[in-house]
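Here the structure is laid out as structure tokens; the discussion comes afterwards.
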Amino acid sequence: MERLDHYMARAVAAYYAGREPFGAGGDFTTAPEISQAFGECLGLWCAVTWEAMGRPDPVLLVELGPGRGTLMADALRAVREVAPGFAAALRLHLVETSPRLRALQAERLPEATWHDGIGTLPPGPALILANEFLDALPIRQFIRRGGAWAERFVADGGFVEAPAEAPPSLPADAPEGAIAEHSEASHAVVAALARRVVTQGGAALFLDYGPAEAVLGESLQAMAAHGHADPLAPAGTVDLTAHVLFGPLAATARAAGVGVHGPLPMGLFLQRLGIMTLAALQARRAPRLAGHILSGAERLVAPEAMGRLFKVLCLCHPRLPPPQGFEAT
Numbered sequence: 063m064e065r066l067d068h069y070m071a072r073a074v075a076a077y078y079a080g081r082e083p084f085g086a087g088g089d090f091t092t093a094p095e096i097s098q099a100f101g102e103c104l105g106l107w108c109a110v111t112w113e114a115m116g117r118p119d120p121v122l123l124v125e126l127g128p129g130r131g132t133l134m135a136d137a138l139r140a141v142r143e144v145a146p147g148f149a150a151a152l153r154l155h156l157v158e159t160s161p162r163l164r165a166l167q168a169e170r171l172p173e174a175t176w177h178d179g180i181g182t183l184p185p186g187p188a189l190i191l192a193n194e195f196l197d198a199l200p201i202r203q204f205i206r207r208g209g210a211w212a213e214r215f216v217a218d219g220g221f222v223e224a225p226a227e228a229p230p231s232l233p234a235d236a237p238e239g240a241i242a243e244h245s246e247a248s249h250a251v252v253a254a255l256a257r258r259v260v261t262q263g264g265a266a267l268f269l270d271y272g273p274a275e276a277v278l279g280e281s282l283q284a285m286a287a288h289g290h291a292d293p294l295a296p297a298g299t300v301d302l303t304a305h306v307l308f309g310p311l312a313a314t315a316r317a318a319g320v321g322v323h324g325p326l327p328m329g330l331f332l333q334r335l336g337i338m339t340l341a342a343l344q345a346r347r348a349p350r351l352a353g354h355i356l357s358g359a360e361r362l363v364a365p366e367a368m369g370r371l372f373k374v375l376c377l378c379h380p381r382l383p384p385p386q387g388f389e390a391t
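Anchor point for the sequence shown: position 326 equals 388 in this note's numbering, and the numbering is continuous, going up by one each time.
Structure representation (structure tokens):
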């Protein structure tokens, strides 16, 4: 019998070590693969935030879980063209545990320094991007039985329940059979980055899918070949993720004293950053690809596509003004 978060951590590590997850030939497609304007917007957001920080030189530019390096390659191309001062000041650091993905990232980002975790990042002000990073961190699941919470474990390819001490954040009045999820790993990452931003300066931007507030319900899911699969398939054969509960994570960050902005719907955030204008410029430069370029950007902002389900949460030094995209919240 194995606790679900332990199983998920093992399965996710095996998956990224041995499979090609991204794109049409993989299991899923992420925002940077859908539109290059996504990475360009985030790169320019970092440049604007760097200006608000007082233009520190050097400044760390960090990405957590960089995939194939697509987002960061697009971001750097934009800042080198539009914000050369920021491009000269930044030092690129990538947090990635998969040797296979590191090799792919190195082809696009040879100037980067790699880390297995955030604990080895050098000190100093930092701008940190995390796109679809938190959703892959392991979760625990609890189910309400007889007026108390029991925990779900994995055994013999299925779920079993056993008594366990649940996190105090779970509601005591949940109905019988209700399922609650909690990601200790996500809270640890957010708390550590919040403390870093408070003490050393900078900002961290999380983009992921999930509700703005804590909700009951099961969200653990698996993807294979762009379709749904069994989450308890043999470890490493499918992509495992769960919804990010942004409200509790924001509360964890506030407890560390950091400035918290959002969560906002991703579509609204990207529209405020001008993604459709960027996409239109790209379409004019490549008229044969115009339909593809515009439809990709629209997919990221449309509420019925990714624009509402995906959220954006920003942590920044408490003395910084509201970051670009969050001014009206």
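From the three backbone atoms N, C-alpha and C, an ideal C-beta is built for every residue, glycine too.
Is the segment 372–383 touching the segment 334–343 in the sense that three or more CB pairs, one from each, lie closer than 8 Å? no
Leaving out five residues before and five after M70 in sequence, what residues of the same chain have Cβ atoms less than 7 Å from its Cβ? P200, I201, L302
Would you check if the segment 280–288 and the segment 318–332 touch, i.e. whether three or more CB-CB distances between them fall below 8 Å? Short answer: they don't touch.
Using 8 Å as the Cβ pair cut-off and three pairs as the minimum, do the segment 238–246 and the segment 353–362 touch? no
Within 10 angstroms of its Cβ, does L163 collect 16 or more other Cβ (buried), or is it exposed? buried
I'd like the ranges of any alpha helix (DSSP H) spanning at least 4 consecutive residues and lying wholly in the segment 130–211. As far as the segment 130–211 is concerned, its whole alpha helix (DSSP H) runs of at least 4 residues are 132–144, 146–151, 161–170.
Quick one, are the C-beta atoms of S276 and P310 less than 8 Å apart? Residue identity differs from the one stated: residue 276 is Ala in this sequence, not Ser. The answer is yes: Cβ separation under 8 Å.
Residues sharing a beta bridge with Y271, DSSP: F372
Look at the alpha carbon of G116 and the alpha carbon of L66, and state the distance between them as a whole number of angstroms. 44 Å
Who does M285 pair with in a DSSP beta bridge? H290, D301
In the DSSP assignment, find the unbroken alpha helix (DSSP H) run with G309 in it and report its ends. 308–317
A135 versus G147 - alpha carbon distance: 17 Å
Helix or strand or just coil, what does DSSP make of A242? strand
Helix, strand or coil, according to DSSP, for G220 in the structure here? strand
Nearest-angstrom Cα separation, counted from E102 out to L343: 12 Å
Report the three-state DSSP secondary structure of H323 (helix, strand or coil). Looking at H323 - three-state DSSP - the assignment turns out to be strand.
Can you look up E64 in the DSSP assignment and give me helix, strand or coil? Looking at E64 - three-state DSSP - the assignment turns out to be strand.
Let me confirm a value: G181 is counted as buried when at least 16 other C-beta atoms fall within 10 Å, else exposed. Which label applies? exposed
Length of the line joining the Cα atoms of F78 and R207: First, the residue type needs correcting, since residue 78 is Tyr and not Phe in the sequence shown. Each residue's alpha carbon lies about 35 Å from the other.
8 Å contact criterion, which H323 and P385 should meet: CB distance rounded: 6 Å
Using a Cβ-Cβ cut-off of 8 Å (strictly less than) and excluding sequence neighbours within five positions of R170, which residues of its own chain qualify? R130, G131, T132, M134, A135
Just reading off the beta strand (DSSP E) that L126 is part of, what are its end residues? Taken as a continuous stretch (DSSP letters only), the beta strand (DSSP E) holding L126 covers 121–126.
Which of the three DSSP states, helix, strand or coil, is assigned to A265? strand
For E389, three-class secondary structure by DSSP: coil
Taking A109 as the reference, which of F215, A234, Q167, G264 has the closest Cα? G264
According to DSSP, is R117 helix, strand or coil? coil
Report the rounded CA-to-CA distance for L196 versus L375, giving the unit in angstroms. Looking at the two C-alpha atoms, the distance is approximately 12 Å.
Let me know if A312 comes out buried or exposed under the rule of 16 or more other beta-carbons within 10 Å of its beta-carbon. buried
Smallest Cα separation from E213: which of I205, G219, G220? Closest option to E213, Cα to Cα, is I205.
What's the gap between the Cα of L315 and the Cα of A274? Note on residue identity: the sequence assigns Ala, not Leu, to residue 315. Between A315 and A274, the C-alpha separation is close to 14 Å.
Would you tell me roughly how many angstroms separate the C-alpha atoms of P230 and E280, rounded to the nearest one? 19 Å
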